[in-house]
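Number of protein chains: 2
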Amino acid sequence: MRAATIRDGEILVEEHPDPVPGAGEVLVRVRAAGLNGADMMQRRGLYPAPPGSPADIPGLELAGVVDQLGQGAQRFAVGDRVMAIVGGGGQAELAVVHERQLMPVPAALDWPEAGGLPEVFTTAHDAIFTQAELRPGEHLLVHGGAGGVGTAAIQLAKAAGARVTATVRREELRAQVAAFGAEVISPEGFAGGHTARGAGSGTQPAGPGRAVCPGPFDVILELVGAPNLAENMNALAAGGRICVIGVSAGAKAELNLLALMAKRARIHGSTLRARPLEEKALAARRLEHEVLPLFESDALRVPVAETFPLDEAPAAYDRFAAGGKLGKIVLQID
Amino acid sequence: MRAATIRDGEILVEEHPDPVPGAGEVLVRVRAAGLNGADMMQRRGLYPAPPGSPADIPGLELAGVVDQLGQGAQRFAVGDRVMAIVGGGGQAELAVVHERQLMPVPAALDWPEAGGLPEVFTTAHDAIFTQAELRPGEHLLVHGGAGGVGTAAIQLAKAAGARVTATVRREELRAQVAAFGAEVISPEGFAGGHTARGAGSGTQPAGPGRAVCPGPFDVILELVGAPNLAENMNALAAGGRICVIGVSAGAKAELNLLALMAKRARIHGSTLRARPLEEKALAARRLEHEVLPLFESDALRVPVAETFPLDEAPAAYDRFAAGGKLGKIVLQID
Numbered sequence: 001m002r003a004a005t006i007r008d009g010e011i012l013v014e015e016h017p018d019p020v021p022g023a024g025e026v027l028v029r030v031r032a033a034g035l036n037g038a039d040m041m042q043r044r045g046l047y048p049a050p051p052g053s054p055a056d057i058p059g060l061e062l063a064g065v066v067d068q069l070g071q072g073a074q075r076f077a078v079g080d081r082v083m084a085i086v087g088g089g090g091q092a093e094l095a096v097v098h099e100r101q102l103m104p105v106p107a108a109l110d111w112p113e114a115g116g117l118p119e120v121f122t123t124a125h126d127a128i129f130t131q132a133e134l135r136p137g138e139h140l141l142v143h144g145g146a147g148g149v150g151t152a153a154i155q156l157a158k159a160a161g162a163r164v165t166a167t168v169r170r171e172e173l174r175a176q177v178a179a180f181g182a183e184v185i186s187p188e189g190f191a192g193g194h195t196a197r198g199a200g201s202g203t204q205p206a207g208p209g210r211a212v213c214p215g216p217f218d219v220i221l222e223l224v225g226a227p228n229l230a231e232n233m234n235a236l237a238a239g240g241r242i243c244v245i246g247v248s249a250g251a252k253a254e255l256n257l258l259a260l261m262a263k264r265a266r267i268h269g270s271t272l273r274a275r276p277l278e279e280k281a282l283a284a285r286r287l288e289h290e291v292l293p294l295f296e297s298d299a300l301r302v303p304v305a306e307t308f309p310l311d312e313a314p315a316a317y318d319r320f321a322a323g324g325k326l327g328k329i330v331l332q333i334d
Numbered sequence: 335m336r337a338a339t340i341r342d343g344e345i346l347v348e349e350h351p352d353p354v355p356g357a358g359e360v361l362v363r364v365r366a367a368g369l370n371g372a373d374m375m376q377r378r379g380l381y382p383a384p385p386g387s388p389a390d391i392p393g394l395e396l397a398g399v400v401d402q403l404g405q406g407a408q409r410f411a412v413g414d415r416v417m418a419i420v421g422g423g424g425q426a427e428l429a430v431v432h433e434r435q436l437m438p439v440p441a442a443l444d445w446p447e448a449g450g451l452p453e454v455f456t457t458a459h460d461a462i463f464t465q466a467e468l469r470p471g472e473h474l475l476v477h478g479g480a481g482g483v484g485t486a487a488i489q490l491a492k493a494a495g496a497r498v499t500a501t502v503r504r505e506e507l508r509a510q511v512a513a514f515g516a517e518v519i520s521p522e523g524f525a526g527g528h529t530a531r532g533a534g535s536g537t538q539p540a541g542p543g544r545a546v547c548p549g550p551f552d553v554i555l556e557l558v559g560a561p562n563l564a565e566n567m568n569a570l571a572a573g574g575r576i577c578v579i580g581v582s583a584g585a586k587a588e589l590n591l592l593a594l595m596a597k598r599a600r601i602h603g604s605t606l607r608a609r610p611l612e613e614k615a616l617a618a619r620r621l622e623h624e625v626l627p628l629f630e631s632d633a634l635r636v637p638v639a640e641t642f643p644l645d646e647a648p649a650a651y652d653r654f655a656a657g658g659k660l661g662k663i664v665l666q667i668d
C-alpha cells in the first residue's frame, strides 16, 4: 500500500507492506484522512507515535470501507462505511483499527467530512462534556475558535443548549466562526477585561480598547496555551472549569492557587492519543451515542477547507502549516 | 451571651446580644467549638466572614444542644446533640444555624471531639472524595499530614481502602501521623524523588538524602501550597488529581500545562466557607451518610490536643498559632 511517510522531517508518499488485522481488528480501505496539528508536530519529531502504531506513517483519523475482518471482529461487515481515531497510520491506503474504536459513518456525510470528523469532534466532546462537564445553559469560552477542535466545540456546545463565546485571532475568519453560533471576540478584546452580565456584541468583534468580553465563563476550552491562563482565571465563574488541550503558544504559566481555591475551580489537561484502547473505545461509544445523530439532523457539520489526493500529501501539509483556513484539510483516496 | 470577639487583631471575650433563630434555623447552646487556621487569618483581618455571619465573632464549627427552634425547623428537637460548620460565630455561648447544616453528634463522641469534627472532616471528605474522586485501591498523598485536615484525610482514605502517604515537617509528630495508617515521609524525602513501584519504608520517616517517596500518586491533597506544585506534577500518576485547599507556604507557582495534558491530570482548588447554603447542606448530608457511622464503629477518631474554657480563648489562639501540636484545639463551654 501507499502511505504518507515521515522521513527526516519531510512528508513523502511511499510504498509500505499491507497491514494485517489481528484478533478483534478490522482492515479498513481508507477513503479520507484528515490532517491535525499533531501531524505537524510528529513531522518535526516532537510527538512520536505511541507503541503499536506505525512510527513513520502519520494520521490520527480516517474514514473508509471495511475490507477484511480479523479473528472475532463482529461489530461491522465487509463494505460498511466506518471512521475512527487511530494512534497513527491513518494517512495510508489501508489501516488496521480495533473494531471497538470504529464508528459508523452517518449517511449525511461524504468521505472528506467523515475523514475529518473523528479527531476534532472526539477531542472537543471529551474535553467540554466528559472532562469539563459543560451543562445546558452554561457559558463556554473557546480560545482558538477558528481551529478544527474550536469549531467542533462551538457546534457541540450550541447543540447542547450552552452559550458560546470564542476568541479568533484572524479577523478574516471571525464571521465564519460567528456563523456557527458563537459570540466572537478578538484575543485583545478578551485580554481587555470582562463584564459579569454579558455586554457582548454578538458577532461583532471587540476592538482592542473595548472591554466587552461577555464573561464570566463556566467552562473555558484552552486551545492556545499558557499566555491565556492568568486572564482565564479572572474570567472564570465560581465553580468554573478550564480544560487545556492545546499549548501552541506556550506551556508554562504562573498559576495563582489562592484564586483557584476562591473560585472553587479546576484545571484539566487532556490528550486523547496517549490513552489506552479501552478509554479510546469509550470515547468512541460516547460519540456514537451523543454526537453522530446530530449530523443526520444537520445540527452539526464538518467544515472542510480543502482536499488533496494522497500523492499530494506534501502540499496538504504545507497548506495546513500555512494556516488561515477555517475547516479541515483532508487527504482523499479514491 | 459571651463570645470570642475580634478587636483590632486581638481576641477578647465580650458580651453580645443573644442571636434569634429565623425560619428554618435552630438556636444552639454551644458546648464546644474548634479552632481552625481560618480563625487565625480572620484575626489578622485577612479572611473576613461571609455575608450573614457575625463579622466579629470567629469560629467555623461548633457542637452543642438544640435550645430553640425557628419557624418551620423540624429536623431536630430541643435537647438534641448537634454539630455543624458555620460561616462564622461558632465560638460563642449561643449560635444560630440553619437546620440543613446541622448534623447529629455520634454517641461515641464527647463534646470536644464533636466541636472539633465538622470543619476538618467535611473539608477533607469534600476534597478527596467529592472533588478528587479518590477510589478504593488508589494511592493518596497528603501534604501536611499532621494538621487537622491532614489527619482527617488520612483516616478517611484508609477507611475507604486507599493507600496513604503523608509528608510531615515536624519530626516529633511523624510517629503519631503514622499511627493513623499513613506511610510518613519528610518534605525533603518527597522533594528527593519518587519510585514508581513503592519502595516506601512504611512508618519509618525518610531521611533528607533518601529518595524513597513511594509514588506515583492518584490523588494529592495539597495543604501546604505553591512550593510543592512542580514536584506534585512529577509525582502524579496518569489520570491523577491534585486538590489544593491550603496555601500557607505560598499561592503562586509555575504550572506546566503540557505536563498536565500528558498526564491527563486535573488540579482542583476548593474552599468550603464561601459556598452557598445548599452546597454546605449537601456536604453535611454526605458527611452524615458516609462518615459519621465510622465514628460509632471506631474506624475514625477526632484527635483533640487541648481544650480551653471560652474565657481563655486568647490563650487557645496563642496555643494554635504556636503549632507543633497534633490534634484540635477546642474551646469548651460548660
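Here the protein sequences come in this chain order: G and E.
As numbered in this note's numbering, residues 1 to 334 make up the first sequence, in order.
As numbered in this note's numbering, residues 335 to 668 make up the second sequence, in order.
Glycine is no exception: its CB is placed at the ideal position from the N, C-alpha and C atoms.
Three-state class that DSSP yields for G/LEU12 in the structure shown: Walking along the first sequence from the start, residue 12 of chain G turns up at place 12. Note: G/LEU12 maps to strand in three-state DSSP.
Express the C-alpha separation of G/LEU272 and G/THR123 in angstroms, rounding to a whole number. Taking the first sequence and counting its residues from 1, the one referred to as residue 123 of chain G is at position 123. Taking the first sequence and counting its residues from 1, the one referred to as residue 272 of chain G is at position 272. Going from the Cα of G/THR123 to the Cα of G/LEU272 covers about 7 Å.
Just list the residues that DSSP pairs G/GLU306 with in beta bridges. Taking the first sequence and counting its residues from 1, the one referred to as residue 306 of chain G is at position 306. DSSP lists G/ILE329 as partners of G/GLU306.
Since G/GLU61 contacts G/VAL86 with CB under 8 Å, what's their CB separation in whole angstroms? To locate residue 61 of chain G, count along the first sequence from 1; it is residue 61. To locate residue 86 of chain G, count along the first sequence from 1; it is residue 86. Separation of the CB atoms of G/GLU61 and G/VAL86 is rounded to 7 Å, and the pair is thereby assigned contact status at 8 Å.
Within 8 Å, strictly: CB atoms of G/ARG2 and G/LEU331: The residue given as residue 2 of chain G occupies position 2 in the first sequence. The residue given as residue 331 of chain G occupies position 331 in the first sequence. With contacts defined by Cβ atoms closer than 8 Å, G/ARG2 and G/LEU331 do not form a contacting pair.
Do we get a CB-CB distance below 8 Å when we pair G/ALA251 with the residues of chain E? Reading the first sequence from its first residue, position 251 is the one you call residue 251 of chain G. It does: the Cβ of G/ALA251 has a partner Cβ on chain E nearer than 8 Å.
E/TYR381 versus G/ALA281: straight-line alpha-carbon distance, rounded: On the second sequence, residue 381 of chain E is found 47 positions in, with the first residue counted as 1. On the first sequence, residue 281 of chain G is found 281 positions in, with the first residue counted as 1. Approximately 47 Å, taken between the alpha carbons.
Which residues bound the beta strand (DSSP E) around G/GLY269? Looking up residue 269 of chain G in the first sequence gives position 269. Its beta strand (DSSP E) spans residues 266-269.
If I follow the unbroken alpha helix (DSSP H) through G/ASP318, where does it start and stop? By one-based count along the first sequence, residue 318 of chain G stands at place 318. First-last of the alpha helix (DSSP H) with G/ASP318: 313-322.
Candidates G/PRO293, G/TYR317 and G/ILE329, of which the one nearest G/GLY305 by Cα: Locating residue 305 of chain G in the first sequence gives position 305, where the first residue counts as 1. The sequence as given places Ala at residue 305 of chain G; Gly does not occur at that position. Measuring from the Cα of G/ALA305, the nearest candidate turns out to be G/ILE329.
Would you be able to state if there are at least three C-beta pairs under 8 Å between the stretch 176-187 of chain G and the stretch 136-150 of chain G? By the Cβ test, the stretch 136-150 of chain G is in contact with the stretch 176-187 of chain G, since at least three Cβ pairs between them sit closer than 8 Å.
By the 10 Å Cβ neighbour count, where 16 or more other Cβ atoms means buried, how is E/GLY580 classified, buried or exposed? Mapped onto the second sequence, residue 580 of chain E falls at position 246. Residue environment analysis places E/GLY580 among the buried positions, since at least 16 neighbouring C-beta atoms fall within 10 angstroms of its C-beta.
Can you tell me whether G/PRO214 is buried or exposed, with buried defined as 16 or more other CB within 10 angstroms of its CB? On the first sequence, position 214 is the one that residue 214 of chain G refers to. G/PRO214 comes out buried.
Where G/VAL142 meets chain E, residues with beta-carbon distance less than 7 Å: Locating residue 142 of chain G in the first sequence gives position 142, where the first residue counts as 1. Ordered by position in chain E, no residue passes the 7 Å Cβ test against G/VAL142, which lies about 16 Å from the chain.
Counted within 10 angstroms of its Cβ, other Cβ atoms place G/HIS289 as buried (16 or more) or exposed: The residue given as residue 289 of chain G occupies position 289 in the first sequence. Result: exposed.
Do you know whose CA, among E/ALA525, E/VAL431 and E/VAL498, lies nearest E/VAL518's CA? Walking along the second sequence from the start, residue 518 of chain E turns up at place 184. Taking only the C-alpha atoms, the option nearest E/VAL518 is E/VAL498.
Grab the span of the alpha helix (DSSP H) containing E/ASN566 for me, first residue to last. Mapped onto the second sequence, residue 566 of chain E falls at position 232. First-last of the alpha helix (DSSP H) with E/ASN566: 563-569.
Would a C-beta distance cut-off of 8 Å place E/GLY358 and E/HIS432 closer than the cut-off? Position 24 of the second sequence, counted from the start, is the residue given in the question as residue 358 of chain E. Position 98 of the second sequence, counted from the start, is the residue given in the question as residue 432 of chain E. Contact flag set, yes.
Nearest-angstrom Cα distance between E/LEU570 and G/GLU279? As a first step, residue 570 of chain E must be located in the second sequence, where it is residue number 236. As a first step, residue 279 of chain G must be located in the first sequence, where it is residue number 279. Each residue's alpha carbon lies about 19 Å from the other.
Just to confirm, is the Cβ distance from E/ARG415 to E/LEU436 under 8 Å? Taking the second sequence and counting its residues from 1, the one referred to as residue 415 of chain E is at position 81. Taking the second sequence and counting its residues from 1, the one referred to as residue 436 of chain E is at position 102. At least 8 Å separates the beta-carbon of E/ARG415 from that of E/LEU436.
How long is the line joining the alpha carbons of G/ALA262 and G/ILE333, rounded to whole angstroms? Working through the first sequence from its first residue, we reach residue 262 of chain G at position 262. Working through the first sequence from its first residue, we reach residue 333 of chain G at position 333. Straight through space, the alpha carbons of G/ILE333 and G/ALA262 are spaced by roughly 53 Å.
Along the stretch 596-625 of chain E, where does the CB come closer than 8 Å to a CB of chain C? Name the residues. Among the protein chains of the structure shown, namely G and E, there is no chain C.
In chain order, what residues of the stretch 558-579 of chain E put their CB closer than 7 Å to some CB of chain G? For the stretch 558-579 of chain E, which is checked against every Cβ of chain G, the residues closer than 7 Å are GLY559, ALA560, VAL578 and ILE579.
Looking only at DSSP bridge pairs, what is E/GLU359 linked to? Locating residue 359 of chain E in the second sequence gives position 25, where the first residue counts as 1. Beta-bridge annotation (DSSP): E/GLU359 is paired with E/HIS432.
Considering only residues of the same chain and omitting the five flanking positions on each side of G/ARG264, which have a CB-CB separation below 8 Å? Your numbering for residue 264 of chain G matches position 264 in the first sequence. Beyond the five residues adjoining it in sequence on each side, G/ARG264 comes within less than 8 Å, by CB distance, of ALA238 and GLY239 in the same chain, given in chain order.
Just how far apart, CA to CA, sit G/GLY386 and G/HIS16? An answer regarding residue 386 of chain G cannot be provided, because it is not within the stretch 1 to 334 covered by chain G.
Please state whether DSSP places G/PRO357 in a helix, a strand or coil. It is not possible to answer for residue 357 of chain G, since the shown part of chain G is limited to 1 through 334.
Could you tell me whether the Cβ atoms of G/VAL219 and G/LEU140 are closer together than 8 Å? Counting from one through the first sequence, the residue named residue 219 of chain G turns up at place 219. Counting from one through the first sequence, the residue named residue 140 of chain G turns up at place 140. Against a cut-off of 8 Å, the Cβ pair of G/LEU140 and G/VAL219 comes out as a contact.
Along the chain, which unbroken stretches of the beta strand (DSSP E) at least 3 residues long are found entirely within the stretch 108-157 of chain G? Listed in chain order, the complete beta strand (DSSP E) runs (minimum 3 residues) inside the stretch 108-157 of chain G are 139-143.
What residues are listed by DSSP as bridge partners for G/MET103? Taking the first sequence and counting its residues from 1, one reaches residue 103 of chain G at position 103. Its beta-bridge partners are G/MET83.
Consider the Cβ of E/SER535: report whether some Cβ of chain G lies at a distance smaller than 8 Å. As a first step, residue 535 of chain E is located in the second sequence; it is residue number 201 there, counting from the start. Any reading at E/SER535 needs caution, since the residue's pLDDT is 41, under 50, leaving its predicted position unreliable; the model's value is listed next. Answer no: the Cβ-Cβ gap between E/SER535 and chain G never drops below 8 Å.
For my contact list, G/CYS243 and G/ALA127 are in at a C-beta cut-off of 8 Å; report their separation, rounded to the angstrom. Position 243 of the first sequence, counting from 1, holds the residue named residue 243 of chain G. Position 127 of the first sequence, counting from 1, holds the residue named residue 127 of chain G. The Cβ separation is near 5 Å, so the contact holds.
May I have the straight-line CA-CA distance separating E/VAL454 from E/LEU611, to the nearest angstrom? Looking up residue 454 of chain E in the second sequence gives position 120. Looking up residue 611 of chain E in the second sequence gives position 277. When rounded, the distance between both Cα atoms is 18 Å.
If you measure from the CB of G/PHE121, is any heavy atom of the ligand ATP nearer than 7 Å? Annotation note on the ligand ATP: not contained in the displayed structure, which lists no ligands.
Please report how far the alpha carbon of E/GLN489 lies from the alpha carbon of E/VAL502, in whole angstroms. Counting from 1 along the second sequence, the entry for residue 489 of chain E is found at position 155. Counting from 1 along the second sequence, the entry for residue 502 of chain E is found at position 168. Computed Cα separation, rounded: 15 Å.
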